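What follows is a set of notes on a single structure, which appears directly below.
Numbering (the UniProt record's numbering), first residue to last: 1 to 353.
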């Protein structure tokens, strides 16, 4: 005699073994039948059917999509170009104290040609890349939306503005424009700065410290597509630029975080590569809201803030005393009240009652 429960269990095992022997389809079907018998209340639950012919939501009923970061950048570029198309001015687009001995043409050099400019300091004909009369696109004085963030006393002195494309390369575009009169040489500027840092890392070790290899990786890219902040130009990169091209770089800047404040300084070369007596010229940039912009001043009216705080301890003996070469411009800065602009801006508070 075999109990009914034991007989039922044995029969169920035989059915399971038989379903397994017949293959996956039989096993799946048997499992479904068993499940239905155990859970009759859930018998109406089925797997969702796959729609292989989905066409998406109709255009008339589609909802708005949040645009990606690059789409916002490209949209901003288009608006900026439309705005500038009716207000561009030609003429002086950059400041320098070096006069050109070469001839200027109306055509901008290509990126490859731009990378070859100013290599040989002995060739005076190549000094034309620092000429004050290079034509180029620039915003009219009244159209510069960040004019109110510049120190008040230098605003009337600004004679031309160039706003590079805000695509993550704007800092290197600004340097390219200062050198060659076109922002399209920015990839060449990146390459030359990275090569200089790689070949003479000891020269910039006091500036970058242990982070110099990270800085090289940040700068050394050749893409022309928009890039993330991992490859943006930083203010300390101007030391490499100033040294490589023997230029002084005046940087006016305005930071909003963590508190709004201005910091203005002059970046001088940290080494005398070419054995010259002083920097060849001056360029001016404005750093505001993570964006770099070219400013132009009359060659004899460039208010120059004090040297960057890293320069006194970070330069080589070959450039000792170079800060005194621009003494008249430095004095102009202090005479106009520039020292006050390096302190955090504070809102006026009312008297306590």
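Each residue gets a CB set at the ideal place from its N, CA and C atoms; glycine is no exception. Small disclaimer: the values here were computed from a predicted structure and weren't measured.
Per DSSP, the bridge partner or partners of residue i
{"i": "residue 295", "result": "161 and 284"}
Where residue i sits in the DSSP three-state scheme
{"i": "residue 231", "result": "helix"}
{"i": "residue 115", "result": "The pLDDT assigned to residue 115 is 34, lower than 50, so where the model puts this residue is not dependable, and the model offers no usable value."}
{"i": "residue 266", "result": "strand"}
{"i": "residue 303", "result": "coil"}
{"i": "residue 277", "result": "coil"}
{"i": "residue 271", "result": "coil"}
{"i": "residue 146", "result": "coil"}
{"i": "residue 189", "result": "helix"}
{"i": "residue 431", "result": "Limits of the chain in this structure are 1 at one end and 353 at the other, which puts residue 431 out of reach."}
{"i": "residue 310", "result": "coil"}
{"i": "residue 20", "result": "helix"}
{"i": "residue 436", "result": "In the structure as shown, the chain starts at 1 and stops at 353, and residue 436 therefore has no counterpart that could be examined."}
{"i": "residue 181", "result": "coil"}
{"i": "residue 168", "result": "coil"}
{"i": "residue 151", "result": "coil"}
{"i": "residue 140", "result": "Confidence is the limiting factor: at residue 140 the pLDDT is only 45, short of 50, which leaves the residue's position unreliable and the question unanswerable from this model."}
{"i": "residue 319", "result": "helix"}
{"i": "residue 236", "result": "coil"}
{"i": "residue 173", "result": "helix"}
The beta strand (DSSP E) enclosing residue i, as first and last residue numbers
{"i": "residue 252", "result": "247 to 255"}
Beta-carbon spacing of residue i, residue j below 7 angstroms
{"i": "residue 283", "j": "residue 247", "result": "yes"}
{"i": "residue 183", "j": "residue 192", "result": "no"}
{"i": "residue 240", "j": "residue 310", "result": "no"}
{"i": "residue 232", "j": "residue 185", "result": "no"}
{"i": "residue 222", "j": "residue 187", "result": "yes"}
{"i": "residue 293", "j": "residue 329", "result": "no"}
{"i": "residue 264", "j": "residue 318", "result": "no"}
{"i": "residue 334", "j": "residue 157", "result": "no"}
{"i": "residue 268", "j": "residue 322", "result": "yes"}
{"i": "residue 194", "j": "residue 219", "result": "yes"}
{"i": "residue 30", "j": "residue 41", "result": "no"}
{"i": "residue 266", "j": "residue 305", "result": "yes"}
{"i": "residue 421", "j": "residue 189", "result": "Because the chain here runs from 1 to 353, residue 421 falls outside it and cannot be looked at."}
{"i": "residue 249", "j": "residue 238", "result": "yes"}
Span of the alpha helix (DSSP H), counted from its first residue to its last, around residue i
{"i": "residue 331", "result": "327 to 335"}
{"i": "residue 49", "result": "Careful: residue 49 lies outside any alpha helix (DSSP H) and carries neither H nor E."}
{"i": "residue 25", "result": "24 to 38"}
{"i": "residue 220", "result": "Counting along the chain, residue 220 falls outside any alpha helix (DSSP H), and DSSP gives it neither H nor E."}
{"i": "residue 203", "result": "201 to 208"}
Spatial neighbours of residue i in its chain, beta-carbon cut-off 7 angstroms, leaving aside the 5 residues before and after
{"i": "residue 150", "result": "252 and 286"}
{"i": "residue 170", "result": "164, 291 and 292"}
{"i": "residue 177", "result": "136, 162, 164, 183 and 294"}
{"i": "residue 307", "result": "265, 266, 268 and 323"}
{"i": "residue 27", "result": "19 and 20"}
{"i": "residue 155", "result": "147"}
Contact set for residue i: own chain, Cβ-Cβ below 6 angstroms, skip 5 residues either direction
{"i": "residue 80", "result": "Residue placement at residue 80 is flagged as unreliable, the pLDDT there being 46, under the threshold of 50; the coordinate-derived value follows with that caveat. For residue 80, where only same-chain residues beyond five positions count, there are no Cβ hits under 6 angstroms."}
{"i": "residue 314", "result": "206, 207 and 270"}
{"i": "residue 288", "result": "146, 149 and 254"}
{"i": "residue 109", "result": "Confidence in residue 109 is poor, its pLDDT being 34 and thus under 50, which makes the residue's placement too unreliable to answer from."}
{"i": "residue 332", "result": "303"}
{"i": "residue 337", "result": "153"}
{"i": "residue 279", "result": "246, 247 and 248"}
{"i": "residue 144", "result": "161"}
{"i": "residue 215", "result": "208"}
{"i": "residue 326", "result": "304"}
Close Cβ partners of residue i (< 8 angstroms) along its chain, the five nearest in sequence each way excluded
{"i": "residue 32", "result": "none"}
{"i": "residue 13", "result": "none"}
{"i": "residue 316", "result": "203, 270, 271 and 272"}
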